[in-house]
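Structure, as structure tokens:
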Amino acid sequence: MTNFLFRLRRFAGFYRAALTRYQLHSPFVFEWAVSVLDDRRWYYPFRDIEALRAKMKASPTVIELEDFGARGPGRRKARLARIVDRSAVSPAMGRMLFRTVNWLRPTTILELGASSGISTMYLASAAAQSVRVASLEGSLALTQVAEVNLTVLRLGNVQLYGGPFDQVLEPALQALGAPLDLVFFDGDHRGDATLRYFEKCLARAHDRSVFVFDDLYWSADMAEAWARIKQHPKVTLTLDTFHLGFVFFNPDFKEKQHLQVVPARWKPWKVF
Ligand SMILES: C[S@@+](CC[C@H](N)C(=O)[O-])C[C@H]1O[C@@H](n2cnc3c(N)ncnc32)[C@H](O)[C@@H]1O
124 MTNFLFRLRR FAGFYRAALT RYQLHSPFVF EWAVSVLDDR RWYYPFRDIE
174 ALRAKMKASP TVIELEDFGA RGPGRRKARL ARIVDRSAVS PAMGRMLFRT
224 VNWLRPTTIL ELGASSGIST MYLASAAAQS VRVASLEGSL ALTQVAEVNL
274 TVLRLGNVQL YGGPFDQVLE PALQALGAPL DLVFFDGDHR GDATLRYFEK
324 CLARAHDRSV FVFDDLYWSA DMAEAWARIK QHPKVTLTLD TFHLGFVFFN
374 PDFKEKQHLQ VVPARWKPWK VF
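Here you go:
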């Protein structure tokens, strides 16, 4: 089965099972749903980030790219417009990342997979004064594009690390110093690599850390990694929004829960 068909089938099952905020019992999860999943307020950075996305999508620039993860290893030439189109988070997902920062109020954020910096800008602009972001990207050409974008938006709170995750993750963790409040995994889309980076970051996590994984059902391999993450003994709650998966470690959540959730407007008849 192709990855596309796999995702389609998984989405059908996901949608059938998914709850809306009106069916959530935990006050913590309800508050997360109101603040992160369902909040539709508009913030100025959204306009600025999407203007940069549009500019890159209209750009004729061709860059020399190192391939990592599920595509690599290798080198190829690619149009920046195509890379942005194919790999950047969608505006809706970007806004959800922004709202996650707004809700969690982290002081340290780690991102694996900056690409041209779209998700990095959403993460960094939600609390530009108080949060420090370390973002890792293997392709040096893309790191430069992300650097320019961050400069245009005057986001001086991001440190970009160019190089393979296996080489730059440790220095980035050292430089961040403090424990990780929020981690966004959007790099290597291979199951074994995802689990390896999860374990590495877990060593720097605390009870209130939140890990967010992108592309949970990108392939059977990634879906298997997501299932393994859910089973990890330190994980006490997961919230699956199909594209993004949120992982919590708070030991106060006595009963381990794995919930699939959609915005209330996706199931308007589910109000009880
Ligand atoms: C899906 S894209 C990230 C998109 C980005 N978060 C955004 O929203 O614009 C994944 C990125 O991770 C990088 N990557 C994947 N595996 C990597 C690895 N093992 N080391 C370094 N970079 C890697 C790729 O070069 C690619 O640019």
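First residue of the sequence shown: 124, per my numbering; consecutive thereafter.
Note that beta-carbon positions come from the ideal geometry of N, C-alpha and C, so glycine has one too.
- Task: Note down the Cα distance separating Phe134 from Leu362, rounded to an integer number of angstroms.
- Result: Taking the first residue of the sequence shown as position 1, residue 134 is located at position 11. Taking the first residue of the sequence shown as position 1, residue 362 is located at position 239. Distance between the alpha carbons of Phe134 and Leu362: 15 Å.
- Message: Looking at ligand 1, does it come within less than 7 Å of Ala237, judged from the CB to the closest heavy atom?
- Response: The residue you call residue 237 lines up with position 114 of the sequence shown. Within the chosen limit of 7 Å, ligand 1 reaches the beta carbon of Ala237 through at least one heavy atom.
- Closest to Asn373 by CA distance: which of Ala215, Ala298, His329 is it? Indexing the sequence shown from 1 puts residue 373 at position 250. Of Ala215, Ala298, His329, the residue nearest in Cα terms is His329.
- Item | Cβ separation of Val254 and Asn280, assumed to be a contact under 8 Å, to the nearest whole Å | Numbered from its first residue, the sequence shown carries residue 254 at position 131. Numbered from its first residue, the sequence shown carries residue 280 at position 157. Confirmed, about 6 Å.
- Task: Measure the C-alpha to C-alpha separation of Met118 and Val207 and round it to an integer number of angstroms.
- Result: Only positions 124 to 395 of the chain appear in the structure, and residue 118 is not among them; the question remains open.
- Item | Distance between beta carbons of Phe308 and Phe334, contact taken as under 8 Å | Working through the sequence shown from its first residue, we reach residue 334 at position 211. Working through the sequence shown from its first residue, we reach residue 308 at position 185. With 8 Å as the limit, Phe334 and Phe308 qualify as a contact, their Cβ atoms being about 7 Å apart.
- Using the DSSP secondary-structure output, state which residues sit across from His381 in a beta bridge. For the purposes of this step, residue 381 is identified with residue 258 of the sequence shown, where counting begins at 1. When DSSP reads this structure, His381 sits in a beta bridge with Thr361.
- Contact set for Met219: own chain, Cβ-Cβ below 8 Å, skip 5 residues either direction: Residue mapping note: residue 219 aligns to position 96 of the sequence shown, counting from 1. The beta carbon of Met219 sits closer than 8 Å to those of Val159, Leu160, Thr364, Leu367, all from its chain and outside the five residues before and after it, given in chain order.
- Identify which residue in His381, Thr243, Leu263 has its Cα closest to the Cα of Ala211. For this step, residue 211 is matched to residue 88 along the sequence shown. Cα-wise, what sits closest to Ala211 is Thr243.
- Looking at Gln380 and Phe137, is the spacing between their C-beta atoms short of 8 Å? Locating residue 137 in the sequence shown gives position 14, counting from the first residue. Locating residue 380 in the sequence shown gives position 257, counting from the first residue. The answer is no: Cβ separation not under 8 Å.
- Item | Contact test: Asp311 Cβ vs ligand 1 heavy atom, cutoff 7 Å | As a working mapping, residue 311 is identified with position 188 in the sequence shown. Result yes, Cβ under 7 Å from ligand 1.
- Task: Specify, as a first and last residue, the run of the alpha helix (DSSP H) that Ala201 falls within.
- Result: In the sequence shown, residue 201 corresponds to position 78, counting from 1. From DSSP, Ala201 is part of no alpha helix (DSSP H) but of the beta strand (DSSP E) over 197-202.
- Message: At a threshold of 7 Å, does Ile241 count as lining ligand 1 (C-beta to nearest heavy atom)?
- Response: In the sequence shown, counting from the first residue as 1, residue 241 sits at position 118. Ile241 Cβ: within cutoff of ligand 1.
- Opposing strand residues paired with Leu259 [DSSP bridges]: Translated into positions along the sequence shown, residue 259 becomes position 136. Beta-bridge pairing links Leu259 to Leu235, Tyr284.
- Gly285 versus Phe151 - alpha carbon distance: Walking along the sequence shown from the start, residue 285 turns up at place 162. Walking along the sequence shown from the start, residue 151 turns up at place 28. Using only the alpha carbons, I get a separation of about 37 Å.
- Query: Considering Asp190, what are the terminal residues of the beta strand (DSSP E) in which it resides?
  - Reply: Taking the first residue of the sequence shown as position 1, residue 190 is located at position 67. Note, Asp190: beta strand (DSSP E), 185-190.
- Query: Buried or exposed: Glu189, going by 16 or more other Cβ atoms within 10 Å of its Cβ?
  - Reply: Counted from its first residue, the sequence shown places residue 189 at position 66. Residue burial is scored here from C-beta neighbours: Glu189 has at least 16 other C-beta atoms within 10 angstroms and is therefore classed as buried.
- Query: Are the beta-carbon atoms belonging to Leu283 and Ala237 less than 8 Å from one another?
  - Reply: For the purposes of this step, residue 283 is taken as residue 160 along the sequence shown, with counting starting at 1. For the purposes of this step, residue 237 is taken as residue 114 along the sequence shown, with counting starting at 1. Contact flag set, yes.
- Query: Identify the residues that DSSP records as bridge partners of Val268: which are they?
  - Reply: On the sequence shown, residue 268 is found 145 positions in, with the first residue counted as 1. Val268 is not bridged to any residue.
- Who are the near neighbours of Arg164 in its chain, counting only those whose CB is closer than 7 Å to its CB and skipping five residues on each side? Counted from its first residue, the sequence shown places residue 164 at position 41. Taking C-beta separations shorter than 7 Å and ignoring five residues to either side along the sequence, Arg164 has no partners in its chain.
- Item | Of the listed residues Gly217, Ala249, Met216, Ser213, nearest to Trp226 (C-alpha basis) | Within the sequence shown, residue 226 is the residue found at index 103, counting from 1. The shortest Cα separation from Trp226 among Gly217, Ala249, Met216, Ser213 belongs to Ala249.
- Excluding five sequence neighbours on each side, which residues of the same chain lie with their C-beta closer than 8 Å to the C-beta of Leu203? Here the question's residue 203 lines up with position 80 in the sequence shown. Closer than 8 Å at the Cβ level, and outside the excluded window around Leu203, lie Met179, Ser182, Thr184, Val185, Ile186, Ser239, Val268.
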